[in-house]
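In order, the protein sequences belong to chains A and B. For reference, each letter of the first sequence is one residue, going 1 to 221 in my numbering. For reference, each letter of the second sequence is one residue, going 1001 to 1216 in my numbering. The C-beta atom is built at its ideal place from N, Cα and C for all residues, glycine as well. The model shown is predicted, which means the values in this text are computed figures rather than measured ones. Below you'll find the structure, written out as structure tokens, and then a few comments.
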Amino acid sequence: MTYYINYNFVWQYFDKFYWGLLLGIELAAISILIGALIGLALALVYVDGPRWARRPVTAYVEFFRNQPLILLVYFVFYGVPSVGGFEYDNVTSFIITLSVYSAAYLTEIFRSGLDAVPRGLLDAGKAIGLTPWQRLLHVRLPAMFRVTLPALGNEFVSLFKDTSVASVIAVPELTYAANWMSTNKFRIIEGYSIAAPMYLVTCYVIFGALYLLERRYAVKR
Amino acid sequence: MELALYSLPFLWQGVLISLAVSVLVTVLSLAAGVALGTAATFVPGPVRWIIRIYCDIIRGIPVLVLIFTVYYGLSLLVGVNFNNFMAASIALTVFAAAKVTETARGALQSIHFGQTEAGKAIGLGFWMRMIHIIFPLALRRFLPPWINIVTDIVKGSALVSLVGIVELMMSMKQVIGRTYEPMPIYIVGAMIYFAINYSLSGLSRRLEARYAYIRE
């Protein structure tokens, strides 16, 4: 068996990799935004809501945290439309999946962040006459955001890596480009050997950006 | 629905393969990770840097890409043909070992230097200190996060279906391909994965609660 490494096709079709990478970042960004909204709502319900509401929130978190992402991807893309009688394209389906999946992790992050807001801050808010809504908006959420920033950053990077799973439903992101390279151009290893460093570099660029952000906003311990 | 019930024995075969992959990877990554983590903590110089670089590289690459790279790349580069079970296990082990290394290093570093000094003072050599003092102390710090890594391994084992291993995920796909009823099968599969991982993470929480009294 001889196989000659040949990168010509990879360079020729490099735009697939490039746009795939950007799509991956986009998918992760959109999903973390939607996931953060769901997660924040669930965390607030858990912390401030009635006691009985904790059970469903915990159930949601535990269910999704203990599933392999690929199963959820298939579930949302093939399973849900089969009983719902509607269709959506693969990108929409993946964004829904990743949002719902990340919401479970983000709920945990926000919950512990809300717990970490010092009691004194809330009392200070009460003392200057802020309504509960104003306290939430101007005191608790900013304080929580600063505490949870490192965890949010890690979550974003891990979501970006999770976008590789979108290739199984043919979302044209980076892993899909590498798959395409091996099935259509028979450059089997070249595609992956380019995709892997691209993920690596992007992850560290994101880590670097987050480091700068954290230096600016995170709570010093 | 009835077809889904009839397919349960077939899914069970898949569960067994999933568990086989997970157990194999857990054992291999535990051995490799503890060795590397110990080396990263106690061996100074280039060894530490190399382990660090290994962990940092693996941290930045998705598991799925790792599986594909090893599956297609390894046989080409080494010239030996690996079957898909071996290739996937190697890929998952490479991934999990990096995490175990980080966890082991963290656990070992959290042990106060005074413990090492005390060991030296009573005349214990390096391995004696490790076996009788450092490892038992570090175990409490190591176990809860390690079990979380094991759940990651179980979740990662679902990805190896993509290189053609008929584990739970793949057997689900095969059943669906025959019955055209995705929903019941997905729900059964999700329940199986949940049962495995939830019991593991429950164990992790219990251990964490049990070791919570330890303060240094």
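Cβ neighbours of residue i in the same chain (closer than 8 Å, five flanking residues each side left out)
i, result
"L72/A", "F64, T97, V100 and Y101"
"A1195/B", "none"
"I1153/B", "S1022, V1025, T1026, S1029, L1092 and A1096"
"L1162/B", "L1064, I1067 and F1068"
"V47/A", "R111, L114 and D115"
Residue-level contact to chain A via CB, residue i, 8 Å cutoff
i, result
"F1068/B", "yes"
"F1194/B", "yes"
"Y1186/B", "yes"
"T1093/B", "no"
"L1019/B", "no"
"S1007/B", "no"
"A1004/B", "no"
"A1209/B", "no"
"K1155/B", "yes"
"P1182/B", "yes"
"I1061/B", "yes"
"V1065/B", "yes"
Environment of residue i [buried if 16+ CB atoms lie within 10 Å]
i, result
"I1050/B", "exposed"
"T1038/B", "buried"
"V1080/B", "exposed"
"Y74/A", "buried"
"F110/A", "buried"
"Y105/A", "buried"
"G1033/B", "buried"
"T2/A", "exposed"
"M1128/B", "exposed"
"M1191/B", "exposed"
"R1105/B", "buried"
"L137/A", "exposed"
"W133/A", "exposed"
"F86/A", "exposed"
"I1134/B", "buried"
"V1150/B", "buried"
"P56/A", "exposed"
"E1002/B", "exposed"
"Y1211/B", "exposed"
"V1078/B", "exposed"
Cβ shell of residue i (< 7 Å), same chain only, five flanking positions each side left out
i, result
"L1139/B", "none"
"L1279/B", "Summary: the structure shown does not reach residue 1279/B, with chain B confined to residues 1001 through 1216, and so no result is reported for it."
"W1146/B", "V1100 and T1103"
"L1159/B", "V1063, L1064 and I1067"
Beta-carbon proximity list for residue i, same chain, < 6 Å, skipping 5 on both sides
i, result
"S164/A", "T175"
"I206/A", "V157"
"A1040/B", "R1048, I1051 and R1105"
"A177/A", "K16, F17 and G20"
"E190/A", "Y7 and V10"
Residue i and residue j closer than 8 Å at C-beta
i, j, result
"Y1071/B", "N1084/B", "yes"
"L1036/B", "T1101/B", "yes"
"V117/A", "R140/A", "yes"
"F1142/B", "A1098/B", "no"
"E1181/B", "A1004/B", "yes"
"L1137/B", "Q1109/B", "no"
"G113/A", "T148/A", "yes"
"G1156/B", "V1065/B", "no"
"Y204/A", "G1060/B", "yes"
"A103/A", "G153/A", "no"
Proximal chain C residues relative to residue i, where beta-carbon distance stays under 7 Å
i, result
"N1197/B", "Among the chains of the structure shown, chain C does not appear; the protein chains present are A and B."
Span separating the alpha-carbon of residue i from that of residue j
i, j, result
"L23/A", "P172/A", "8 Å"
"F1068/B", "Y192/A", "7 Å"
"D162/A", "F1042/B", "34 Å"
"K1173/B", "S1199/B", "25 Å"
"V10/A", "T183/A", "13 Å"
"V45/A", "L159/A", "24 Å"
"I95/A", "R1206/B", "34 Å"
"Y199/A", "I128/A", "48 Å"
"I1187/B", "L1008/B", "12 Å"
"Y18/A", "L121/A", "46 Å"
"Y78/A", "G1119/B", "60 Å"
"G125/A", "I1185/B", "51 Å"
"I38/A", "L213/A", "23 Å"
"M181/A", "L1124/B", "57 Å"
"E155/A", "N1197/B", "20 Å"
"L1076/B", "M1086/B", "15 Å"
Test: residue i CB closer than 8 Å to a CB of chain B
i, result
"V168/A", "yes"
"G129/A", "no"
"G20/A", "no"
"V165/A", "yes"
"G208/A", "no"
"E155/A", "no"
"I70/A", "yes"
"E62/A", "yes"
"T148/A", "no"
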